[in-house]
Structure formats: structure tokens, C-alpha cells
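A short write-up of the structure that comes next.
Protein chains in written order, with the numbering used here: chain S, 1 to 207; chain P, 208 to 831.
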């Protein structure tokens, strides 16, 4: 039957897709990411439509400083890479290595989130650029904040996975879960690349 | 049936069930209740319009009814009623024991229900939303109208349920098919449900985003739609219609699927042009996304955009025409049985064509300036939605009823229901075309007498009485049949039908198929009747069957979402009884706590032992 896989000779080379349950999770999650993509696309569209609607507030080129955003980007990209290392470790059945890379991923994600919180509070206090200042500010905080909320959710999720499976080793049950969580993390990263380009690069350049 | 798992009582069993068949029945009940509620509002609105200068309803109440009627019919009646059939039928038709994510499936139902209840709660807090089901800004930014907060958050919550159900269907159809059930052997209902689920995935997400914008604007004072702060009101219309137009196809494609099941079954012929039907479905779905701006011809998006969207809209008539002709060719030369299901299915065809023709008329941008916001539009979309979706739902109800409830609906009462409904429907909506051409605007709660509008409005209202009488006959039929209807227990295949759901025993055991069937052709059951001995060949030996455990967490999570939404609405209330943030925190705790609990416990389900399955098989062998 599809639910049973012989694991007496060690894990199969793709433990995340060895069972039907794993395959379902894998496919279902791709569909979920498809939906998320469309949702983010809608917020991007809104942002593009409103980014010049600054009212009495500051404009993007007055606000954005690229060094900070560049640092954040590098940190998030690195965390994506460490989650890839974790998946490599999973496929080689090296549990401790996988856990270590997952923890590194979480730490990097937390640093990113900390910098984002600093950035927002900097805008609010030094530029009086709050959520209700202008259409541009509302669109900016909604788009970037939604991404931040995704980072926060991902951090909670991966932490919970690590805590739950700290002693279990890699099994056919938890392999799909780790795999899907790392997919989610890559997705967050890809969205950020678009935010970096569309919001920050275009905004700082005054386009 | 294996019943050794159920020692906890009936109510608990239904609250915790993850069985797709029970969830299908729950969707059917919930959807029907919302359908009756929204139908009743429609009757009240028509009574208000029966004569000029009527004062039966106030303008405010009329606005609230018109908003809730549309919103409930589309989100809380049509969608769940289609989901009812999808849930019940899809796994059976593809030869699966279950859906891909039984827990998520249950969660989808409960979240849809809690969103619907949240929306309905508005009546207890100063009345329903009143900005139309499209909630156009700035109309929907009215700060004094709490109902709009319920609209925004109720739809947001119920939309999450619809979304996760769609993902479940997609994965089920791709991963869970029986051996031999290739994609090009899928029954058309499964195909259309598959395409619909894709549409939901890509259309409900923009809606979620749009509702989030509206929520932020209403409750947290964002400036998206405030021109004084650089905002833009047309953004809402774009986002709403890029959801709203595909929504029509989300509803009508499964309806097409039902028709494509019922017509071949009662014409005793295979569906004409199966492949063309599949590709027509996909083309309709694709074009459905390309035409949203035809709702915005009069907004002022310019002649170039208007032309492009007009042409794209008319193009949809081509694949739809392919479908219409294929249904006609299926019936052509067939040995047709005109029972209630087939009556509804065959009357669907000309009715839907009428709705389609007025659709092409509306698609002509220059003329649309004339039709825009008149009763012509109302007539058009009711021909699509009632004449298309609702007729198909009735056909599906009569067709699948024996499999779902182990008895047939009464045919005599069914035919009376059909006749009353058909008369009522055409009487109500056909004359509205003329009302529209004469210039009667939609969404108004009254009109002046002596302008030539009186007679047609009177006829239209009398039509709704016929439809109401029809629905009462249907309710009588359901009650009567439950008591006295023809039992089909032990009869697997009461219609002598073609697809796999009729190969399962009645009542359907919780594991659906004791042995996964081997599919050898399109219309697999019919193939076995002609080329085999009339029963499906098993694809595996009798063995233990793995089933998922029930869980109460879906209910907990959806209650959490209700409180999350309600807490946010309380932020807008004057003098709420307790701090809104307490309610939000409670809701968040239930929601995320439920999710965390689910992920901390690895639930491996249970096995139905081989011996029980064998005993079941033996019992059924005697029944046939």
C-alpha cells in the first residue's frame, strides 16, 4: 500500500516524497504558494498604483537608505541558503546537521526581522511616516509588513518543528514537514527580492 | 458498515468528522439554509417593488437586503452547495478512499460556516452591510455602518475556508486517482471541479488582498482609497473584479460539470466530444481572468482598454458554444428518460443560452453605456446564475440524492417543483430585460408610477411567488421522501449510470471502496457493464484500510477565527462591552493554539482490519 515504505534499509533518497502523505503535502504546498504569489501580486499592484500618492508625507526617495536594506537582503538570502544546506543534510540522513542548519536559518530570520522593526520605527520617529500618513505609506507598510508577518509566522513554524522533532531523527513523517517549511522560507526570500527591487531600488532611485 | 469507532454519540461524531461524505452533507445543509435566507430577502425586495411608491421596506432595509442577498447567494449558498457535491462525489468518481487532506477539508467547512455566521451577526449590531455585494468604495467606507465591517471580515474568514478546500480538491484529483483513471478519463464533473479549484486559488487570493485593504481602511484608517492623501478609488474595482469575474466561472463550471454527468446518464449515450469539453472548460477558465474590466466600461478606463476587454469577453462565447452543442449532440438520438434531474438538465441548456446572448450584448462597450446599471444587467446575471447554476444544482440534487441519503426524491413532486420553478423563473426575470431597456435602474428601492414600469414589475414579483411555491414543494418533497421515499439500500446503481460513484455500495461505507477499482475506460462502470460482468475489477487484494482520525480542532480553529474577526469589528463599536483586544487575543489563541496543537501531535489515523472489510463485502454480495 501507498502508506507503507520499507525503511529497514535506511531512508529512501527523497524521504519527503516517499509516502503518499508526503507527496500530497508537497503538491498541496506548491498550490498554496501559487495562491500566496497571487495575493502578494495584488499588494504589489496596489503599491505600484499608489507609490506616488504621497499626500503631505515624505516620498520614497527621501526615506529609503539602501545600505540598511542591502544588509537585510543579504541576511535573508543567506538564511535561504542555510535552509538548503539543511535539506541536503536531510537527504543524506544527517539529522544533527540538518537541525543545526535549521537553527542557523531561524537565527538569521530573527536578525532580519529585528532590522525591519528598527527600519519601521526609524521611519515613524525620524520622518513622521506612519501607517496613516498617505496612500503611499499605507501601501508600503501593508506590503512590506505583510512580508514581515510571513517571516514571523515562518520563524514560529520552524521553531515549533525543531522543538517537536528535537529527538526523533529524520522520519518519513517529519521529512515532508521540514521540506515544506524550507519551501516556505524560500518563497519568503523570493518575495523579498521583488520588494527589494520594486519598493526600495525603484523608490530610492525616484522612479 | 464498520461502526466500532463511534462510541462518542452522534453530535460529537458530526462535529469531529473528517469524512468527505459527511462533510458533503453538512455543506448541503448549511448551503440550503443560507439559500433559503437569501431567497426570502429576494421575495421581500420584490414585494417592495410590486407597485410604484411602495413603503413595504424602507430604503435602508432594501439596501441591506440587496447587499446580503447577493453576498449570501454567491458566497454562502451557491459555493457551498457546489462544494457539497464536490465533496461527496469527487473521491467516489475518481475511485479514492478519501481526499488528500481530510483534516483540511473539515477545517474548510467550519471556517466557511464561521465566516458566514460572522456576516449574519451583523443583523444584531445595527443591520447588514448596505453598499451592494460589490462594496464599491467610497460607498463602503461609511463609518456609521457597522454592517460593512461584518461584510469585510465575514467574507475574509469564509474565503479562507473556500481557499483551503480548493487546494484539497486540486491535490486529491492529481494524487488520489485509482489505477487507470488517467486525466483524460476523469468524469467531466471532476474536470470542471478541478479547473474551478484552480480559479478559486487564483481569484480568491486577490479578494483576500482587497478585503484586507478595505479592512485596514475602515478599522485602521489607512489611506488607500482617500484621494486627499494620494489614494485611488478605482483600485478597489480592479481588485474586486479580477476576483469577481472569475467567480462567475467558479460557480458555473461545476454546474456545467453536473449537466455533463446528468445528460449522458439519462440519454443513454456517452458525452459527445469529451476532449473538446475538457479543453473548452480550460479556455473558459483562462478567458475568465482576462475580462474583468468589462464590469468597468463606464468607469472611464479609455476606449483602447474597453475594446480589448469587449473582444476578450465575446470570445468566451466560443468555448461555451462548443459546450452547448456537445450537450445537444449528446441528447441527439439518445434514449432520453425525462425524470426531474433530466428535466432540469435539459431546460438548463436553452435558459443558459439566453443568459449568454445577453452577455454578448452587454460585452459591446458602447452599448453598455445604455445598459449599465439597469435591470437588463440584473436579468442577464440571473439568467446565468439561476438559469445556469441553480438549475444545475437542482439536477445534481435529484441525481445524487439516492447516493447521499439512501432514498430517492419523489418524482411526481419533483415534476411539480420543476414546472412551478420554470414558470416562476422566466416570469420573474424575462420581463426584467424590458424593464432595463425602458430605463429602470437597478438597486433602487422604489420607482414612480405611470412610466410604463408598473405592469412588468407586477409580473416580475408574481413570478417570485411561483418560485417560492416551488421551493416549498421541494421542501415538502425532501420531508416526504425521507419518510416514504423509495429506498435504494443495497441498490448501488439506481439510474443505471456510467461513472464510478455508482459502483460503490449504498449506503457508502466510510472507506468508499473495499478494494480500489481498476479503471479501464472513460465511463468506467458503463464499460464494465458492456465489456465485463457489470462490476469493477479490483486493483488490489482485500487488506487493512487506513483511515484518518476525526478531530475537534477544526471547530476550535474556526471559533477562533470568528472571535478574531468579531474582536476587530468591536474596535469600531461605540462603547463595546469589553476591550476588543481581549476578544482578538482570545480568538488568536484559539486559532493559532489549535494549529500548534495539530502540528505537535502526529496523528497517524487508524486501520479498519481486513476481517471487517471482508465481512462488509460478504454482506453487500447478498444485497445486490
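By construction, the Cβ of each residue, glycine as well, lies at the ideal position given by its N, Cα and C atoms.
Check for me: the alpha helix (DSSP H) holding residue 484/P runs from which residue to which? 481-495
Have a look at residue 732/P and residue 476/P and give me their C-alpha separation to the nearest angstrom. 13 Å
Please list the segments of the alpha helix (DSSP H) lying wholly inside the stretch 625-692 of chain P, counting only runs of 4 or more residues, in order along the chain. 661-691
Taking the continuous alpha helix (DSSP H) assigned at residue 390/P, which residues delimit it? It is not in any alpha helix (DSSP H) - residue 390/P carries neither H nor E in the DSSP assignment.
Once DSSP output is grouped into helix, strand and coil, what is the label at residue 745/P? strand
Looking at chain P, which residues of the stretch 141-171 of chain S have a Cβ within less than 7 Å of any of its Cβ atoms? 142, 160 and 164
CA-CA distance, residue 813/P and residue 719/P? 16 Å
For residue 784/P and residue 562/P, the rounded distance between their alpha carbons: 49 Å
Segment contact flag, the stretch 437-449 of chain P with the stretch 372-390 of chain P, C-beta cutoff 8 Å, min 3 pairs: no
Interface residues of chain P around residue 134/S at Cβ under 7 Å? 430, 436 and 437
Indicate whether at least one CB of chain S lies closer than 8 Å to the CB of residue 816/P. no
For residue 811/P, which residues in the same chain have their Cβ closer than 7 Å to its Cβ, ignoring the five residues on either side in sequence? none
Are the C-beta atoms of residue 756/P and some chain S residue less than 8 Å apart? no
Which residues DSSP lists as bridging residue 694/P, in chain order: 614/P
Taking 8 Å as the threshold, find out whether the stretch 528-535 of chain P comes into contact with the stretch 477-486 of chain P through three or more Cβ pairs. yes
Please list, in chain order, the chain S residues whose beta carbon lies closer than 7 Å to that of residue 442/P. 46 and 49
Locate the alpha helix (DSSP H) running through residue 452/P, then write down its first and last residues. 441-474
Proximity winner among 503/P, 564/P and 537/P, relative to residue 637/P (alpha-carbon distances): 564/P
Looking only at DSSP bridge pairs, what is residue 813/P linked to? 754/P
What's the C-alpha gap between residue 362/P and residue 520/P? 27 Å
Just mark residue 617/P as buried or exposed, buried being the case when its beta carbon has 16 or more other beta carbons within 10 Å. buried
Evaluate contact between the stretch 138-147 of chain S and the stretch 73-83 of chain S, counting only Cβ atoms and requiring at least three cross-stretch pairs below 8 Å. no
6 Å Cβ shell around residue 222/P - same chain, five flanking residues per side excluded: 762
For the putative contact between residue 15/S and residue 161/S, defined by C-beta atoms under 8 Å, what is the C-beta separation to the nearest angstrom? In fact, because the Cβ distance is near 15 Å, the residues do not count as touching under 8 Å.
Specify, as a first and last residue, the run of the alpha helix (DSSP H) that residue 530/P falls within. 524-538
Mind listing which residues of the stretch 789-819 of chain P have their C-beta closer than 7 Å to chain S's C-betas, in chain order? 803, 806, 807 and 809
With DSSP as the reference, label residue 171/S as helix, strand or coil. coil
Own chain, CB closer than 8 Å to residue 687/P, minus 5 neighbours either side, in chain order: 617 and 620
Are residue 595/P and residue 555/P close, meaning C-beta to C-beta below 8 Å? yes
Between the Cα of residue 748/P and the Cα atoms of 723/P, 757/P and 768/P, which residue gives the shortest distance? 723/P
Starting from residue 36/S and walking both ways along the alpha helix (DSSP H), at which residues does that stretch end? 20-50
DSSP state of residue 724/P mapped onto helix, strand, coil: strand
Check residue 369/P in the structure and name its three-state DSSP category. helix
Start-end ranges of the alpha helix (DSSP H) lying completely within the stretch 754-792 of chain P, minimum 4 residues: 760-777
With a threshold of 8 Å between beta-carbons, can residue 374/P be considered close to chain S, or not? yes
Is the stretch 426-442 of chain P in contact with the stretch 452-467 of chain P, if contact means three or more CB pairs nearer than 8 Å? no
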